[in-house]
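Protein sequences appear in the order of chains A and B.
4 is the number of the first residue of the first sequence in the numbering used here; add one for each residue after it.
500 is the number of the first residue of the second sequence in the numbering used here; add one for each residue after it.
All C-beta atoms in this analysis are idealised placements derived from N, C-alpha and C, irrespective of residue type, glycine included.
Because the structure is a prediction, the values reported are computed rather than measured.
Read the structure below first, then the notes.
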Amino acid sequence: MMTASPGSLADRTLRLLRHPVLRRLAQAFFVAFLLMVFAFLLIRLIPGDPAMILLGDEATEEDVIAYRKLLGIDGSIPSQFGRYVSNLARGDFGVSIRSREPVLSIVQKRLPISLWLTVTTIFMTVLLALPLGVAAALYRRTWFGHAFQIGASVLVATPVFFSGLVLILLFAVQINLVPIAGYHAGFPANLYYLWLPALTINFVLVPVLARILQSSIVETSSEEFVEAAIIRGTQGWRFYWRYLLRPSLAPTVAALGYFAATVVSYAVIIEIIFNLPGIGMTLVDAVRNRDYPLVQGIVFLSGLLVVGLTFMADLVNGWLDPRAKIR
Amino acid sequence: MTPGTAAVSPVGRLRQVDLRRRWRQLNAESRWGLVILALILMLSVFVPLLSPNDAYEFVDLPLQPPSAALPFGSDHLGRDLLVRVFAAARLDIALAILGVSVPIVLGTFIGTLAGTTRTPIAETVWDGLVNALTAFPEIILVLGIVAMVGADVRGLLIAIWISRWAQYARIARAKSLALRDAEFVQAAQVLGYSQLHILIRHIMPNVFSEALAYALSDFIFIIVIIGGLSFLGLGVNPPTPEWGAMLAEGRLYLRTEPWLILFPGFFLSLTASGVALLARGLERISKGEDD
Chain A
4 MMTASPGSLA
14 DRTLRLLRHP
24 VLRRLAQAFF
34 VAFLLMVFAF
44 LLIRLIPGDP
54 AMILLGDEAT
64 EEDVIAYRKL
74 LGIDGSIPSQ
84 FGRYVSNLAR
94 GDFGVSIRSR
104 EPVLSIVQKR
114 LPISLWLTVT
124 TIFMTVLLAL
134 PLGVAAALYR
144 RTWFGHAFQI
154 GASVLVATPV
164 FFSGLVLILL
174 FAVQINLVPI
184 AGYHAGFPAN
194 LYYLWLPALT
204 INFVLVPVLA
214 RILQSSIVET
224 SSEEFVEAAI
234 IRGTQGWRFY
244 WRYLLRPSLA
254 PTVAALGYFA
264 ATVVSYAVII
274 EIIFNLPGIG
284 MTLVDAVRNR
294 DYPLVQGIVF
304 LSGLLVVGLT
314 FMADLVNGWL
324 DPRAKIR
Chain B
500 MTPGTAAVSP
510 VGRLRQVDLR
520 RRWRQLNAES
530 RWGLVILALI
540 LMLSVFVPLL
550 SPNDAYEFVD
560 LPLQPPSAAL
570 PFGSDHLGRD
580 LLVRVFAAAR
590 LDIALAILGV
600 SVPIVLGTFI
610 GTLAGTTRTP
620 IAETVWDGLV
630 NALTAFPEII
640 LVLGIVAMVG
650 ADVRGLLIAI
660 WISRWAQYAR
670 IARAKSLALR
680 DAEFVQAAQV
690 LGYSQLHILI
700 RHIMPNVFSE
710 ALAYALSDFI
720 FIIVIIGGLS
730 FLGLGVNPPT
740 PEWGAMLAEG
750 RLYLRTEPWL
760 ILFPGFFLSL
770 TASGVALLAR
780 GLERISKGED
790 D
């Protein structure tokens with residue numbers, strides 16, 4: 004594209020900086036910085052003195068000072084923020100008040116379970132939503148299309164903590180297909196514990212994704228290049244994949260990137276219902292114990308994860324749909 | 500129709516015809532949504548009102564299965580589950596409306612403000628701010644705020660208000676960017692109205708309709724998250740009747756007394772589904788899609 008372009012180094016650097024991928028990357032870094040600011044501000048929402056809340060009224064002066072130091076709320080606000088940033092840069096996310104363990108090592112210990120849950124869920128989502136979305140688009144004027152629309156609205160609105168309990172009732176209590184709760188590490192044994200939680204989250208995700216795919220295919224099918232392909236006599240798999248499905252996938256992939264955030268979100272409640280000791284359960288415990296640094300760390304890291312995933316989804320998006328690259 | 504009501508007067512009749520025409524313009528989805536919501540609202544008003552039992556009162560032995568006297572059975576403390584389910588409906592719907600209404604006003608105002616200022620640097624910062632706030636996984640951000648403010652109804656509402664305004668602001672900004680050069684805005688400027696007056700009286704009303712459309716789908720999320728956090732024990736706490744809290748209590752008896760979760764869960768899902776169907780139906784009408 005711009006390999007043979009003349010001009011000074013500065014010119015070329017400038018042009019490189021305008022490259023969409025780099026611009027997206029710069030944006031992602033800016034957003035990550037703001038996430039940090041929000042996470043820092045989060046602890047300011049505590050009404051009153053956090054150290055006093057944690058220690059109670061009979062706390063000694065030394066204890067309060069020590070706790071303020073532990074929470075990173077001693078000194079002026081700008082100096083607090085400076086310390087927060089430099090600590091994060093060194094990978095220091097603070098120390099859990101409850102267990103005195105570094106936040107990062109707690110997260111590292113619990114993260115694999117949540118990641119496995121996320122990956123299993125997304126894999127299942129794609130597997131279920133692709134055929135459903137295509138079918139809903141192709142048979143959109145039949146009873147199936149109408150049932151799909153209504154069913155999707157109902158499923159999307161059903162909270163996971165209810166559908167999860169109903170699924171446990173069906174699969175674990177009535178027919179003993181899954182353990183009621185618990186987890187055992189190691190692939191593929193862990194799938195035995197993960198498939199039902201993943202299915203529960205998919206009760207919400209699959210309808211949304213299938214709906215996006217359906218309307219995207221309907222939109223694509225009215226494009227001129229589809230008509231041209233039909234006129235040229237393109238048929239079979241080549242037609243369906245290249246002219247109908249592939250150009251329609253871009254919004255679906257973009258949605259998948261966004262879905263990762265939703266999965267991480269719902270995983271919190273799902274982990275409690277299915278008793279999976281992942282990040283979600285850690286977070287809920289931390290909220291119950293008023294473990295402020297741990298909450299702060301998990302909130303920040305989850306936001307960071309989502310920014311990273313959205314960035315990657317954007318890249319895949321540009322590759323899938325040439326129309327997205329032009330913009 | 501009872502005689503002597505509004506239907507007899509010409510204006511009343513006109514209104515009735517108007518309503519009937521509106522109804523005919525709706526598609527199947529939005530009609531179902533309205534019927535479901537009307538049903539839930541009526542039940543939640545009348546069941547606690549007409550039932551002899553109180554939502555907090557022990558009326559029978561604990562864990563009685565559904566019967567003629569107690570259609571939904573009794574809960575683990577022997578309270579009437581029917582009354583509790585619909586007392587919870589009142590609370591949940593009221594809380595969800597309260598949860599939606601603050602972000603919609605706040606977000607629309609901030610968004611129109613951002614959409615009508617014309618400095619490029621503000622736009623970059625703005626984009627980053629909104630993107631950052633919406634990057635946090637929703638439930639995790641709400642949990643994070645609840646952890647700081649306090650694990651009760653007040654904390655939950657504050658968390659919802661802080662975390663939900665950004666989407667409205669995003670919608671309002673996009674819409675007001677298109678509106679700020681509209682002729683009626685220019686006319687108002689020429690007439691010498693202040694910037695704030697133009698913002699509130701001329702731009703915001705036009706932005707509001709789109710924000711309302713989003714508010715319907717946001718309502719679903721908010722009613723689910725109110726139930727979700729109460730389910731985790733971090734929102735509405737027992738003995739107050741609330742769907743999520745009732746599910747958490749009933750969960751312990753899942754094996755033997757499943758109706759304890761089935762009734763509250765069903766009505767929570769039904770309420771959210773009603774709103775979802777209405778939202779989807781209206782969306783399809785506005786897009787011009789047929790059934």
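Between the C-alpha atoms of B/Ile-535 and B/Phe-545 there is a straight-line separation of about 15 Å. Rounded to whole angstroms, the gap between the alpha carbons of A/Asp-52 and A/Val-137 is 56 Å. Under DSSP, the beta-bridge partners assigned to B/Asp-579 are B/Ser-573. Going by DSSP, A/Asp-317 is part of the alpha helix (DSSP H) stretching over 295-323. Within the same chain, and ignoring the five residues on either side of B/Ile-722 in sequence, the residues whose Cβ sits closer than 7 Å to its Cβ are Asp-591, Ala-595, Thr-770, Ala-771.
When the five nearest sequence neighbours on each side are left out, the beta carbons in the same chain lying within less than 6 Å of the beta carbon of B/Ala-714 are those of Val-599, Ile-603, in order along the chain. With respect to A/Thr-255, A/Ile-215 sits close: the two C-beta atoms are nearer than 8 Å. The segment 633-641 of chain B makes contact with the segment 268-283 of chain A; the number of CB pairs closer than 8 Å reaches 3 or more. Remark: fewer than three beta-carbon pairs, one from each stretch, lie closer than 8 Å, so the segment 772-782 of chain B and the segment 689-698 of chain B are not flagged as touching.
Using a Cβ distance threshold of 8 Å, A/Thr-128 and A/Leu-208 count as a contacting pair.
Out of B/His-575, B/Ala-778, B/Pro-564, B/Ala-613, the CA that lies nearest to the CA of B/Ser-716 is found in B/Ala-778. Using a Cβ-Cβ distance cut-off of 8 Å, the segment 755-765 of chain B and the segment 160-168 of chain A are in contact, since at least three pairs of beta carbons, one from each stretch, lie closer than that value. In this structure B/Ile-725 does not touch A/Leu-48 by the C-beta definition: roughly 19 Å separates them, more than the 8 Å allowed. Taking all protein chains in view, the Cβ of A/Phe-126 is surrounded by fewer than 16 other Cβ atoms within 10 Å, so the residue is classified as exposed.
Its chain contains His-575 as the residues whose beta carbon lies nearer than 8 Å to that of B/Leu-751, once the 5 sequence neighbours on both sides are disregarded; these appear in chain order.
Boundaries of the alpha helix (DSSP H) around B/Leu-533: 527-549.
Here B/Gly-572 is not near B/Phe-557, since their CB atoms are 8 Å or more apart.
Contact check for B/Ser-543 against B/Ala-613 fails: the beta carbons are separated by 8 Å or more.
Taking a Cβ-Cβ threshold of 7 Å, the residues of chain A close to B/Arg-750 are Leu-168, in chain order.
Look at A/Phe-43 here: in three-state DSSP terms it is helix. The beta-carbon of A/Ser-225 is placed no less than 8 Å from the nearest beta-carbon of chain B. If you ignore the 5 residues before and after A/Ile-276, its C-beta comes within less than 7 Å of the C-beta of Phe-164, Gly-167, Leu-168, all in its own chain and listed in chain order. Between B/Ala-567 and chain A, the shortest Cβ-Cβ separation is not below 8 Å.
Taking each of A/Ala-92, A/Ala-232, A/Thr-223, A/Met-284 in turn and checking the Cα distance to A/Ala-253, the smallest one comes out for A/Thr-223.
Bridge partners of A/Val-98 according to DSSP: A/Pro-105.
In chain order, Leu-37 make up the part of chain A whose C-beta sits under 7 Å from the C-beta of B/Leu-628. Shortest Cα-Cα distance from A/Thr-121 to any of A/Glu-65, A/Val-319, A/Ser-305 involves A/Ser-305. Per DSSP, the unbroken alpha helix (DSSP H) holding B/Arg-672 starts and ends at 652-678.
The residues Ile-125, Thr-128, Val-129, Leu-212, Ala-316, in chain order, have a CB closer than 8 Å to that of A/Leu-259 in the same chain once the five nearest residues on each side in sequence are set aside. Non-local C-beta neighbours of B/Val-684 in its own chain, meaning closer than 8 Å and more than five positions away in sequence, comprise Leu-678, Ile-697, His-701, Ile-702, ordered along the chain.
The beta carbon of A/Phe-84 does not come within 8 Å of any beta carbon belonging to chain B, so the residue lies off that interface.
Going by C-alpha positions, B/Gln-666 is about 34 Å away from B/Glu-748. Counting along the chain, A/Ile-49 sits inside no alpha helix (DSSP H), nor does DSSP assign it H or E at all. Here the segment 626-633 of chain B lies against the segment 35-50 of chain A, with 3 or more beta-carbon pairs under 8 Å apart.
Secondary structure of A/Phe-277 (DSSP, three-state): coil. Of all residues in the segment 147-174 of chain A, only His-149, Gln-152, Ile-153, Ala-155, Ser-156, Val-157, Leu-158, Val-159, Ala-160, Thr-161, Pro-162, Val-163, Phe-164, Phe-165, Ser-166, Leu-168, Val-169, Ile-171, Leu-172 come within less than 9 Å of chain B when Cβ atoms are compared, listed by chain position.
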